[in-house]
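Its first residue numbered 1355, the sequence shown is counted upward by one per residue in the working numbering.
Built from N, CA and C at the ideal position, the CB exists for glycine as well.
Each remark here refers to the structure printed beneath this line.
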Amino acid sequence: MMKWAVVLCALVVLSECNTKISLIKGKTARETLMEKGIWEETRLKFPYNPMAKFYQTGDEAMTNDADLSYYGVISIGTPPQSFNVIFDTGSSNLWVPSTYCSSQACQNHAEFNPAQSSTFSWANKPVSIQYGTGSMTGQLAYDTVSVGGISVTQQIFGASQTEAPFMANMVADGILGLAFPNLAASGATPVFDNMMTQGLVSQNLFSVYLSGNSAEVVWCHSVTSSLTIHRTDHLDPPVLRDLLAD
(Lines of atoms letter the chains of each structure in order from A and count residues from 1; the text may use other names and numbers.)
(Lines give C-alpha, C1' and ligand atoms only; values in the text may rest on other atoms or scores of the structure.)
Protein backbone atom coordinates (compact mmCIF):
# COMPACT_ATOMS: atom_id res chain seq x y z
CA MET A 1 0.00 0.00 0.00
CA MET A 2 1.25 3.46 -0.84
CA LYS A 3 2.26 5.67 2.01
CA TRP A 4 1.47 9.32 1.48
CA ALA A 5 3.13 12.38 2.92
CA VAL A 6 1.66 15.83 2.81
CA VAL A 7 3.98 18.77 2.48
CA LEU A 8 2.39 22.14 3.14
CA CYS A 9 4.43 24.89 1.52
CA ALA A 10 3.89 28.62 1.69
CA LEU A 11 5.90 29.42 -1.44
CA VAL A 12 6.50 26.96 -4.23
CA VAL A 13 7.47 27.77 -7.81
CA LEU A 14 6.42 25.25 -10.43
CA SER A 15 6.12 25.17 -14.19
CA GLU A 16 3.19 23.68 -16.11
CA CYS A 17 -0.09 22.61 -14.51
CA ASN A 18 -1.77 25.95 -13.99
CA THR A 19 -5.44 25.00 -14.23
CA LYS A 20 -7.31 27.32 -11.89
CA ILE A 21 -10.73 27.08 -10.28
CA SER A 22 -11.99 30.45 -9.11
CA LEU A 23 -13.70 30.45 -5.72
CA ILE A 24 -16.64 32.67 -4.85
CA LYS A 25 -16.64 34.59 -1.59
CA GLY A 26 -20.21 34.59 -0.33
CA LYS A 27 -22.07 35.07 2.92
CA THR A 28 -21.18 32.68 5.71
CA ALA A 29 -23.84 30.61 7.43
CA ARG A 30 -23.22 32.75 10.52
CA GLU A 31 -24.01 35.94 8.57
CA THR A 32 -27.13 34.41 7.06
CA LEU A 33 -28.40 33.26 10.44
CA MET A 34 -27.64 36.63 12.03
CA GLU A 35 -29.67 38.36 9.32
CA LYS A 36 -32.57 36.04 10.15
CA GLY A 37 -32.14 36.78 13.86
CA ILE A 38 -31.64 33.13 14.81
CA TRP A 39 -27.84 32.92 15.15
CA GLU A 40 -27.79 32.60 18.95
CA GLU A 41 -30.49 29.93 18.88
CA THR A 42 -28.63 27.98 16.21
CA ARG A 43 -25.25 28.44 17.91
CA LEU A 44 -26.58 26.84 21.09
CA LYS A 45 -28.22 24.00 19.18
CA PHE A 46 -25.15 23.31 17.02
CA PRO A 47 -22.09 24.38 19.06
CA TYR A 48 -19.13 25.37 16.91
CA ASN A 49 -16.09 23.25 17.67
CA PRO A 50 -13.03 23.58 15.42
CA MET A 51 -11.71 20.23 16.67
CA ALA A 52 -14.91 18.30 15.97
CA LYS A 53 -13.62 16.72 12.77
CA PHE A 54 -10.74 15.16 14.67
CA TYR A 55 -12.53 13.38 17.49
CA GLN A 56 -16.22 12.98 16.78
CA THR A 57 -17.48 9.57 15.81
CA GLY A 58 -18.75 8.66 12.38
CA ASP A 59 -17.41 7.70 8.99
CA GLU A 60 -16.05 11.18 8.36
CA ALA A 61 -16.44 13.68 11.18
CA MET A 62 -16.51 17.39 10.38
CA THR A 63 -17.19 20.63 12.14
CA ASN A 64 -19.91 23.03 10.95
CA ASP A 65 -19.25 25.68 8.32
CA ALA A 66 -20.54 28.71 10.25
CA ASP A 67 -17.58 30.82 9.12
CA LEU A 68 -16.89 29.36 5.68
CA SER A 69 -17.48 31.70 2.77
CA TYR A 70 -15.49 30.41 -0.22
CA TYR A 71 -17.20 28.20 -2.78
CA GLY A 72 -16.35 26.98 -6.26
CA VAL A 73 -18.45 25.81 -9.21
CA ILE A 74 -18.23 22.28 -10.60
CA SER A 75 -20.45 20.31 -12.95
CA ILE A 76 -21.65 16.71 -12.90
CA GLY A 77 -23.19 14.69 -15.70
CA THR A 78 -23.82 14.85 -19.45
CA PRO A 79 -25.06 17.45 -20.20
CA PRO A 80 -23.43 19.15 -17.20
CA GLN A 81 -25.41 20.15 -14.11
CA SER A 82 -23.70 22.90 -12.08
CA PHE A 83 -23.20 23.06 -8.31
CA ASN A 84 -21.51 25.35 -5.80
CA VAL A 85 -19.25 23.24 -3.57
CA ILE A 86 -16.89 23.80 -0.68
CA PHE A 87 -13.35 22.69 -1.58
CA ASP A 88 -12.53 21.01 1.72
CA THR A 89 -8.94 19.95 2.47
CA GLY A 90 -10.15 18.20 5.65
CA SER A 91 -12.38 15.59 4.01
CA SER A 92 -12.30 13.35 0.96
CA ASN A 93 -15.82 12.74 -0.36
CA LEU A 94 -17.59 14.56 -3.16
CA TRP A 95 -21.32 14.82 -2.71
CA VAL A 96 -24.20 17.04 -3.84
CA PRO A 97 -27.95 17.10 -3.19
CA SER A 98 -30.06 14.87 -5.42
CA THR A 99 -33.65 14.94 -6.61
CA TYR A 100 -34.23 11.98 -4.28
CA CYS A 101 -33.49 14.10 -1.21
CA SER A 102 -36.43 14.87 1.08
CA SER A 103 -34.68 17.28 3.48
CA GLN A 104 -35.36 21.02 3.59
CA ALA A 105 -31.63 21.63 3.11
CA CYS A 106 -31.81 20.00 -0.32
CA GLN A 107 -34.82 22.05 -1.36
CA ASN A 108 -32.78 25.20 -0.72
CA HIS A 109 -30.04 24.08 -3.11
CA ALA A 110 -29.40 22.81 -6.61
CA GLU A 111 -30.22 19.10 -6.91
CA PHE A 112 -28.59 16.57 -9.20
CA ASN A 113 -31.06 14.76 -11.45
CA PRO A 114 -29.70 11.34 -12.50
CA ALA A 115 -32.39 10.95 -15.17
CA GLN A 116 -30.98 13.95 -17.05
CA SER A 117 -27.44 12.56 -17.42
CA SER A 118 -26.56 10.05 -20.14
CA THR A 119 -23.29 9.10 -18.40
CA PHE A 120 -24.79 8.41 -14.95
CA SER A 121 -24.79 5.03 -13.20
CA TRP A 122 -25.52 3.94 -9.64
CA ALA A 123 -22.74 2.31 -7.58
CA ASN A 124 -25.31 0.35 -5.54
CA LYS A 125 -23.60 1.38 -2.33
CA PRO A 126 -24.89 3.68 0.43
CA VAL A 127 -22.88 6.51 1.95
CA SER A 128 -23.30 8.06 5.39
CA ILE A 129 -21.17 10.97 6.59
CA GLN A 130 -21.37 12.27 10.15
CA TYR A 131 -20.92 16.00 10.66
CA GLY A 132 -20.35 18.09 13.76
CA THR A 133 -23.74 19.69 13.04
CA GLY A 134 -25.61 16.65 11.78
CA SER A 135 -25.16 14.25 8.89
CA MET A 136 -25.84 13.42 5.28
CA THR A 137 -26.91 10.10 3.85
CA GLY A 138 -27.38 8.97 0.29
CA GLN A 139 -26.25 6.66 -2.46
CA LEU A 140 -22.93 6.52 -4.27
CA ALA A 141 -22.97 6.91 -8.03
CA TYR A 142 -20.63 7.40 -11.01
CA ASP A 143 -20.62 10.21 -13.55
CA THR A 144 -18.38 12.70 -15.32
CA VAL A 145 -17.27 15.49 -12.99
CA SER A 146 -15.76 18.68 -14.43
CA VAL A 147 -13.59 20.86 -12.20
CA GLY A 148 -11.83 23.91 -13.61
CA GLY A 149 -12.00 22.58 -17.16
CA ILE A 150 -10.71 19.12 -16.18
CA SER A 151 -13.25 16.35 -16.82
CA VAL A 152 -12.94 13.24 -14.66
CA THR A 153 -14.83 10.27 -16.07
CA GLN A 154 -16.49 7.65 -13.89
CA GLN A 155 -15.97 9.75 -10.77
CA ILE A 156 -17.71 8.33 -7.73
CA PHE A 157 -19.78 10.81 -5.72
CA GLY A 158 -22.58 10.90 -3.20
CA ALA A 159 -26.13 11.77 -4.24
CA SER A 160 -27.66 12.88 -0.96
CA GLN A 161 -31.07 11.69 0.22
CA THR A 162 -31.05 13.37 3.64
CA GLU A 163 -29.09 16.34 4.98
CA ALA A 164 -28.77 18.01 8.37
CA PRO A 165 -31.10 21.01 8.98
CA PHE A 166 -28.11 23.32 9.57
CA MET A 167 -27.03 22.84 5.96
CA ALA A 168 -30.10 24.70 4.74
CA ASN A 169 -28.18 27.87 5.67
CA MET A 170 -25.11 27.02 3.59
CA VAL A 171 -24.46 28.89 0.37
CA ALA A 172 -22.78 25.82 -1.10
CA ASP A 173 -24.81 22.92 -2.42
CA GLY A 174 -22.28 20.24 -1.47
CA ILE A 175 -18.67 19.44 -0.66
CA LEU A 176 -15.67 18.37 -2.73
CA GLY A 177 -13.09 16.78 -0.45
CA LEU A 178 -9.40 17.19 -1.28
CA ALA A 179 -7.93 15.03 1.49
CA PHE A 180 -6.54 11.49 1.34
CA PRO A 181 -8.47 8.35 0.29
CA ASN A 182 -8.29 6.78 3.75
CA LEU A 183 -10.58 9.55 5.04
CA ALA A 184 -13.28 8.84 2.44
CA ALA A 185 -16.57 7.40 3.64
CA SER A 186 -17.62 4.11 2.00
CA GLY A 187 -14.24 3.79 0.29
CA ALA A 188 -15.02 6.40 -2.37
CA THR A 189 -12.04 7.56 -4.45
CA PRO A 190 -11.50 11.34 -4.15
CA VAL A 191 -11.67 13.54 -7.25
CA PHE A 192 -7.99 14.54 -7.19
CA ASP A 193 -6.88 10.91 -6.88
CA ASN A 194 -8.87 10.05 -10.00
CA MET A 195 -7.28 13.01 -11.78
CA MET A 196 -3.89 11.47 -11.00
CA THR A 197 -4.95 7.95 -12.01
CA GLN A 198 -6.43 9.16 -15.31
CA GLY A 199 -3.32 11.21 -16.12
CA LEU A 200 -5.20 14.51 -16.13
CA VAL A 201 -2.54 16.32 -14.05
CA SER A 202 1.19 16.06 -14.66
CA GLN A 203 2.13 16.27 -10.97
CA ASN A 204 0.45 15.05 -7.79
CA LEU A 205 0.14 18.61 -6.59
CA PHE A 206 -2.48 21.29 -6.02
CA SER A 207 -2.65 24.55 -4.10
CA VAL A 208 -5.35 26.61 -2.42
CA TYR A 209 -5.16 30.40 -2.41
CA LEU A 210 -7.43 32.58 -0.26
CA SER A 211 -7.52 36.33 0.22
CA GLY A 212 -10.04 38.99 1.18
CA ASN A 213 -10.85 39.76 -2.46
CA SER A 214 -10.30 36.54 -4.36
CA ALA A 215 -9.59 32.85 -4.00
CA GLU A 216 -8.78 29.86 -6.15
CA VAL A 217 -7.75 26.23 -6.24
CA VAL A 218 -4.83 25.55 -8.60
CA TRP A 219 -3.95 22.09 -9.87
CA CYS A 220 -0.17 21.48 -9.92
CA HIS A 221 0.68 25.15 -9.63
CA SER A 222 1.13 27.51 -6.71
CA VAL A 223 0.95 31.26 -6.27
CA THR A 224 2.40 33.58 -3.64
CA SER A 225 0.88 33.06 -0.18
CA SER A 226 -0.96 29.97 -1.29
CA LEU A 227 -1.24 26.65 0.50
CA THR A 228 0.34 23.89 -1.56
CA ILE A 229 -0.39 20.25 -0.83
CA HIS A 230 2.11 17.80 -2.28
CA ARG A 231 1.52 14.08 -2.12
CA THR A 232 4.46 11.71 -2.33
CA ASP A 233 4.55 7.94 -1.95
CA HIS A 234 8.11 7.26 -0.79
CA LEU A 235 8.08 8.34 2.86
CA ASP A 236 7.31 5.76 5.53
CA PRO A 237 5.80 6.50 7.96
CA PRO A 238 3.77 9.38 6.49
CA VAL A 239 5.05 12.81 7.46
CA LEU A 240 3.22 16.12 7.83
CA ARG A 241 5.34 19.23 7.55
CA ASP A 242 4.17 22.77 8.06
CA LEU A 243 6.47 25.29 6.43
CA LEU A 244 5.43 28.72 7.59
CA ALA A 245 6.58 31.91 5.92
CA ASP A 246 6.67 35.33 7.49
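- Two segments are said to touch when three or more pairs of C-beta atoms, one from each, lie closer than 8 angstroms; by this definition the stretch 1465-1472 touches the stretch 1424-1443.
- The residues Y1496, in chain order, have a CB closer than 6 angstroms to that of Q1508 in the same chain once the five nearest residues on each side in sequence are set aside.
- Approximately 6 angstroms separates the beta-carbon atoms of V1525 and N1438; this is inside 8 angstroms, confirming the contact.
- In summary, G1528 is buried, with 16 or more beta-carbon neighbours lying within 10 Å of its beta-carbon over all protein chains present.
- By the neighbour-count definition (other C-beta atoms within 10 Å, threshold 16), P1451 is a buried residue.
- Going by DSSP, Q1515 is part of no alpha helix (DSSP H) but of the beta strand (DSSP E) stretching over I1504 to E1517.
- If one requires a minimum length of 3 residues, the beta strand (DSSP E) runs lying completely within the stretch 1435-1473 are 1435-1442 and 1448-1451, in chain order.
- Take T1453, set aside five residues on each side of it, and the residues of its chain with a beta-carbon closer than 6 angstroms to its own are E1465 and N1467, in chain order.
- Under the three-state reduction of DSSP output, P1544 falls in the coil class, being neither helix nor strand.
- Counting the other Cβ atoms within 10 Å of the Cβ of W1476 gives fewer than 16, which makes it exposed.
- The closest CA to that of K1479, considering only S1500, S1457, S1540 and N1548, is found on S1540.
- With contacts defined as CB atoms closer than 8 angstroms, L1530 and V1506 fail to qualify as a contacting pair.
- Per DSSP, G1391 lies in no beta strand (DSSP E) and is assigned neither H nor E.
- Distance from the CA of I1428 to the CA of G1391, rounded to the nearest whole angstrom, comes to 32 angstroms.
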